[in-house]
Amino acid sequence: MAEKNPGGHGAAGRAPTADRADAIRNVVLVGHSGAGKTTLVEQLLAATGTVQRVGRVEDGNTVSDFDEVEVRQQRSVNLALAPVVFNGIKINLLDTPGYADFVGDLRAGLRAADAALFVVSASDGVDGLTRMLWEECAQVEMPRAVVITKLDHQRADYDAVLAACQEVFGDGVSPLYLPVITNGRLNGLIGLLSQKFYNYATGTRAERAPGPEHVERIEAERDSLIEGIIQESEDESLMERYLTGEPIETKILVDDLEKAVARGSFFPVLCTGGGVGATEVLELVTQGFPSPFEHPLPDVSDLNGRPVSVKACDQDGPLVAEVVKTTSDPYVGRISLVRVFSGTLRPDMTVHVSGHGLAERGHEDHDVDERVGALTSPLGKQQRPVPKGVAGDIVAVAKLSRAETGDTLSEVDRPLLMTAWTMPDPLLPVAIRAKSKADEDKLSMALGRLVAEDPTLRLENNAETRQLVLWCMGEAHADVLLDRLAKRHGVEVERIDLRVPLRETFGGTCKAMGRNVKQTGGHGQYAICHLEVEPLPSGGGFEFVDKIVGGVVPRQFIPSVEKGVRAQMERGVVAGYPMVDLRVTLYDGKAHSVDSSDMAFQIAGQLALKEAAAKVPTLLLEPVDELAVLVADEHVGSVMSDLSSRRGRVLGTEPAGSGRTLVKAEVPELELSRYAIDLRSMSHGTGTFSRSFLRYEPLPSHLAGKLADGVE
324 MAEKNPGGHG AAGRAPTADR ADAIRNVVLV GHSGAGKTTL VEQLLAATGT VQRVGRVEDG
384 NTVSDFDEVE VRQQRSVNLA LAPVVFNGIK INLLDTPGYA DFVGDLRAGL RAADAALFVV
444 SASDGVDGLT RMLWEECAQV EMPRAVVITK LDHQRADYDA VLAACQEVFG DGVSPLYLPV
504 ITNGRLNGLI GLLSQKFYNY ATGTRAERAP GPEHVERIEA ERDSLIEGII QESEDESLME
564 RYLTGEPIET KILVDDLEKA VARGSFFPVL CTGGGVGATE VLELVTQGFP SPFEHPLPDV
624 SDLNGRPVSV KACDQDGPLV AEVVKTTSDP YVGRISLVRV FSGTLRPDMT VHVSGHGLAE
684 RGHEDHDVDE RVGALTSPLG KQQRPVPKGV AGDIVAVAKL SRAETGDTLS EVDRPLLMTA
744 WTMPDPLLPV AIRAKSKADE DKLSMALGRL VAEDPTLRLE NNAETRQLVL WCMGEAHADV
804 LLDRLAKRHG VEVERIDLRV PLRETFGGTC KAMGRNVKQT GGHGQYAICH LEVEPLPSGG
864 GFEFVDKIVG GVVPRQFIPS VEKGVRAQME RGVVAGYPMV DLRVTLYDGK AHSVDSSDMA
924 FQIAGQLALK EAAAKVPTLL LEPVDELAVL VADEHVGSVM SDLSSRRGRV LGTEPAGSGR
984 TLVKAEVPEL ELSRYAIDLR SMSHGTGTFS RSFLRYEPLP SHLAGKLADG VE
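Under this note's numbering, the very last position in the sequence shown is 1035; numbers go up by exactly one each time.
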């Protein structure tokens, strides 16, 4: 969109501010790891004068990837905000991780943004995760543009990657500029609408006419672009004018292009590399992407669930803001990245914190008042003060000690709650334990901070296996969490083998006697009970049947026998796992008028169950989960074969649209501990699955023997 004057740039060292929503653009950068998102952000920072050069180091880190884990691992694992000013417009750039493991931060970026830049590497092309995110944005009609990066790379193939984008992303994807590459170097861009060559050979942009060698390609690509714009235009006369050969003014085409981009029906393609193309991206963002006024407000309700109507981006309206990212530091404290949807957020004001419906993941619900600390605009590790956060803006807030990612901030006298964005379930279990007593003492607080930051993390204290389990999105997610525990919070933990809660049951029917007779001078113990034990079908639970006649066991002691049987079932009789699917019938017994008691008959019930276990085989039962795997059609065969190798039963498949298939299966839980990792490998990062407990089934004898020997 180089038809308009680029204008001035934001000044370095000053926090960008905006007093009104129409002077703000919130843009999320999306793409696979290594596509060049962070490099593009740094190019845009340099192009606006926010930093002096690309890759500028700040306290040993780049201005975007500054987290200690990102520095060590050389990859983005966080949502990062980088505000810039261009042509008087404040642009909040939201750089997202490119790994599927960190989809929580990516979803947060989509929630906070009003438009998306899909970053695609000219040397690597489009991956499956990027395609899935494009479809997700399409469902909510989010405005999008594509930026092809790394055109100065030796393996760059602009034409092939452009064709791939048009094939994968669908209709409406059309280049706005043509790259001019000489001897493997991107020297400039040709604007298809302006028909000007923007030459960067000297390091700054200079306009001139394109050479004759480019004319033929310009005409072909320009005609295609104009046709696409006209098809999206609300002016029906343009198509007739175009078909009759009448020239159409560039200004009309540019205006219609901007409108089509803003409403999410046309998707221009730009290109960058070697410092070229940043200004063109900024022009598209400021002129073509919508302001926060045009972004529908997520559903808002009061704390009783009654819908509340709130006008989007009303600075004078009720405060409605959302915490989209939380970070904590042992020294700085908690910093909350907040998108203001309505009203104005000011330093030192008291707000109500509400949220957020993830108690089952270890994230407690909130309904508290908190005082806001300083408001800042982050740039790397710098926190630059700002006077306020107006509706439509994104700011960092200090000292919200209770607020977590996903919580709503509103006025104290009018508490409100925004509908939370959808988060995927973490499906990779990682069992950990503290390395020392000192680590154990600090572990609980450190995990609490991690949970506050990351809504995709689920923390489980499994009372049955007595293990602490972190449910993660994948191996990289788990590595980052453990890294942060050690380096940020000073807590050393080690991974241990995950224990799956098994069950025991009887393999046949038998009768047994429990005899608890002890004489110890004074009151002794006297209780005898005769039980019949028989297994029930899977899922049958526990039944206790009273067949006592003639009062051989007094009525008050019959519940005591049941209580003893239940207690022994909880402890197991062979391998120490709880017993299930059992019917126990009390049919005979004896009591003593003095020495019988509640406790005596409880012990007799326990002894009877143990004796029964010595007479008939006992079976180990393993939990079986119901699995639903969503995968691209080309990977269905591999997935079904893999499920079968895991002792799974494939129940069937059904089409799920967009070239994907839903595979349903029943798989033992013992075989699923690393399925999140294996499925991602099989499906090249595009497969997802859900699981739910179904029932217990007998464990195969060869595996039962290994578990009995402590080998899993």
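Virtual Cβ for every residue (Gly too), placed ideally from N, Cα, C.
Under a three-way DSSP split, which group does residue i fall into?
i	result
R540	helix
R781	strand
F924	helix
G596	strand
L995	coil
A479	coil
T453	helix
A532	coil
T371	coil
M768	helix
G975	strand
P858	strand
R564	helix
Q891	helix
G628	coil
S444	strand
K987	strand
Taking only the alpha-carbon atoms, compute the straight-line gap between residue i and residue j and give it to the nearest angstrom.
i	j	result
V647	V599	32 Å
H812	K760	15 Å
T745	A775	17 Å
G451	A487	12 Å
G797	R894	34 Å
C730	V720	First, the residue type needs correcting, since residue 730 is Asp and not Cys in the sequence shown. If you take the alpha carbons of D730 and V720, they lie about 13 Å apart.
T567	I575	17 Å
E934	V952	45 Å
A757	L974	41 Å
V400	A438	21 Å
L932	G864	16 Å
A325	G432	Any reading at A325 is ruled out, since the residue's pLDDT is 43, under 50, leaving its predicted position unreliable.
E977	S967	18 Å
G514	P591	12 Å
P466	D736	36 Å
D342	V713	7 Å
T832	V939	7 Å
A927	G830	22 Å
H958	T941	40 Å
Excluding sequence positions up to five away, which residues of its chain have a Cβ less than 6 Å from the Cβ of residue i?
i	result
E370	The sequence shown places Ala at residue 370, not Glu. Excluding sequence neighbours, A370 sits near A601 and T602.
F880	F924
D921	S883
Y900	L825, R826 and E827
I819	A754 and R756
P615	A344, I347, D437, C636 and G715
L751	C795, G797 and A999
F589	G495, E555 and A583
Assign residue i to one of two classes, buried (16 or more other C-beta atoms within 10 Å of its C-beta) or exposed (fewer than that).
i	result
M562	exposed
M768	exposed
A898	exposed
G596	buried
R629	exposed
A436	buried
E945	buried
G912	buried
D956	exposed
Q366	buried
Pull up the DSSP beta-bridge partners for residue i, would you.
i	result
S883	None; S883 has no bridge partner.
T731	E645 and S677
W794	P752 and R781
I504	L509
F1012	V952
I658	T650 and A721
F616	Answer by DSSP bridge pairing: none, since F616 is not bridged.
Measuring from the CB of residue i, is there a heavy atom of the ligand NAP at a distance below 8 Å?
i	result
P630	Summarising the ligand content, the structure contains no ligands, and the ligand NAP is consequently not present.
Whose C-beta lies closer than 8 Å to the C-beta of residue i among residues of the same chain, with five residues either side of it excluded?
i	result
G971	L950, A988, E989, V990, P991 and E994
V676	H689, D690, V691, D692, E693, L723, R725, A726, D730, T731 and L732
V962	V952, V954, V986, L1002, M1005, S1006 and G1010
Give every residue of the same chain whose Cβ lies closer than 7 Å to the Cβ of residue i, excluding the five residues on either side of it in the sequence, and list them in chain order.
i	result
S651	R657, R772, A775 and E776
M455	T1009
V449	V443, A487, C488 and V491
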